[in-house]
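Numbering (the working numbering), first residue to last: 57 to 550.
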């Protein structure tokens, strides 16, 4: 997509309240042409008809000296005649750093494209239909596009490297949340953050940052990467293989490659997790000291659970990486699993060949449908070519406070950021959701995150969904996902 000029961005700025990122002071920006775009709608959500206002508008963030640093463009859906008791959900995707279009168009927003429910069938012709599952009946929704994504941009007075860091990125979105609430008179409303994938790291940091100024009532981390060091698989890290066996078991059963694949999926996952964190983990910790007979017996158990041959396990130290599993499970059929949703399969690449991940087949319509929704339903007149699905040049993302670019794999206690939120608000709750066929952020590490935390267990809700990394592409999961969010933000019991 083409970049936008300084003049174009300044011409699109709305009259909003900006929040100083460092000091917390507020400043009023001047009105500019080209927004906000305000439209009024009605719809039926969860069986309830309501009128709501959609606003695509800009929030200008400032530094401590009052210099505009970033122009955040968000899309908010707010019920008419709203009262302060109505919750507000601030939602964003991951990356880093991507726009919110996936959650917006596939899960939470009032419109969505239909998705083929059988992964083996072609996708329907792209169109927009009503998302009657949306949680809009219970809460207002603000879709957040971080700096340099969507129509949001770093302004000349800002520094891209600040926004391209774990702390700077999360602080800027925290500042946006505070500014939006103040500008819309919602400081007293219950406030929730919903982050997906890398957005779960952002959400964790935001929970800690906002605990000091505007404590959140809850955070939903979906496809969580908060304990990424266990989620990814570093060589010889026994825990990372033990936790991830849940995904291998579920996927092998789905494709009929595991023994007793016809059992209930929750039972398969529970048994795999118990095996992984007990017998399997102990064996991996013993390493080469494990006697040959025990090694062979364990390899046979692994074959029964994961569909990968005992010979493979014996030749590879009783482990298989998720990326190797992606290629090995259906190799005899000439097929490769999707990494983000292993229900989808594609041709096995030849050596040195790179093929698209088949997981993204149902995502093909998101970009065009997002732009159509902006233009036809929300009245946005900014050039479609200016919209960015993801931020450019994020290879230099800084993973502070772990120092340096190496990714979120250093030994930094990301989960402790959420502890601060629990301490700041006695009603704060955490929900952790995972797609069971996701090979990236899997069920086992999500469970391990909670067991290793000091979070009050009565304020933590764990959910696993039939689907992949974006599990809501599965329509029954789309309903379950929104039902869970609805219960979560209204304080209901699970």
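For each residue, glycine too, the CB sits at the ideal point set by N, CA and C.
Excluding sequence positions up to five away, which residues of its chain have a Cβ less than 6 Å from the Cβ of residue i?
i, result
"residue 278", "252 and 489"
"residue 502", "280, 488 and 490"
"residue 308", "314, 362 and 363"
"residue 149", "156, 158, 159, 252 and 255"
"residue 276", "250 and 487"
"residue 527", "491, 521 and 533"
"residue 516", "486 and 506"
"residue 240", "none"
"residue 548", "none"
"residue 260", "282, 470, 473 and 474"
"residue 217", "none"
In the DSSP output, which residue or residues are listed as bridge partners for residue i?
i, result
"residue 521", "491"
"residue 313", "None, per the DSSP bridge assignment."
"residue 198", "132 and 146"
"residue 186", "167"
"residue 401", "393"
"residue 111", "94 and 132"
"residue 126", "117 and 210"
"residue 444", "206"
"residue 278", "252 and 489"
"residue 99", "106"
"residue 28", "This structure cannot speak to residue 28, because the chain is shown only from 57 to 550."
"residue 221", "454"
"residue 154", "446"
Any C-beta of chain B sitting closer than 8 Å to the C-beta of residue i?
i, result
"residue 342", "The displayed structure is made up of one protein chain only, and chain B is not part of it."
When you compare the CB positions of residue i and residue j, do they come within less than 8 Å of one another, or not?
i, j, result
"residue 99", "residue 186", "yes"
"residue 220", "residue 143", "no"
"residue 471", "residue 300", "no"
"residue 362", "residue 404", "no"
"residue 199", "residue 230", "no"
"residue 355", "residue 348", "no"
"residue 297", "residue 197", "no"
"residue 498", "residue 287", "yes"
"residue 302", "residue 213", "no"
"residue 126", "residue 210", "yes"
"residue 170", "residue 180", "yes"
"residue 182", "residue 450", "no"
"residue 147", "residue 245", "no"
"residue 545", "residue 267", "no"
"residue 395", "residue 415", "yes"
"residue 493", "residue 397", "yes"
"residue 325", "residue 306", "yes"
"residue 427", "residue 93", "no"
"residue 530", "residue 227", "no"
"residue 368", "residue 207", "no"
"residue 339", "residue 350", "yes"
"residue 225", "residue 104", "no"
Under a three-way DSSP split, which group does residue i fall into?
i, result
"residue 252", "strand"
"residue 139", "coil"
"residue 336", "helix"
"residue 534", "helix"
"residue 191", "helix"
"residue 410", "coil"
"residue 375", "coil"
"residue 549", "coil"
"residue 307", "helix"
"residue 454", "strand"
"residue 268", "coil"
"residue 46", "No statement about residue 46 is possible, as the shown extent of the chain runs from 57 to 550 and does not include it."
"residue 294", "helix"
"residue 236", "helix"
"residue 299", "helix"
"residue 526", "coil"
"residue 542", "helix"
"residue 320", "coil"
"residue 507", "helix"
"residue 384", "helix"
"residue 226", "helix"
"residue 357", "helix"
"residue 370", "helix"
Can you give the beta carbon distance from residue i to residue j, rounded, assuming they're within the 8 Å contact cut?
i, j, result
"residue 109", "residue 96", "5 Å"
"residue 202", "residue 477", "That pair is no contact at about 20 Å."
"residue 386", "residue 401", "6 Å"
"residue 128", "residue 188", "Not quite, the Cβ-Cβ distance comes to about 29 Å (not below 8 Å), so this is no contact."
"residue 191", "residue 541", "5 Å"
"residue 500", "residue 332", "6 Å"
I'd like the list of long-range same chain contacts for residue i, defined as Cβ closer than 7 Å, with 5 residues on each side in sequence excluded.
i, result
"residue 483", "273"
"residue 550", "517 and 543"
"residue 62", "With a pLDDT of only 25 at residue 62, under 50, the local geometry of the prediction cannot be trusted, and no value is derived from it."
If I measure Cβ to Cβ from residue i and keep anything under 8 Å in the same chain, skipping five residues before and after, which residues do I get?
i, result
"residue 446", "151, 153, 154, 155 and 205"
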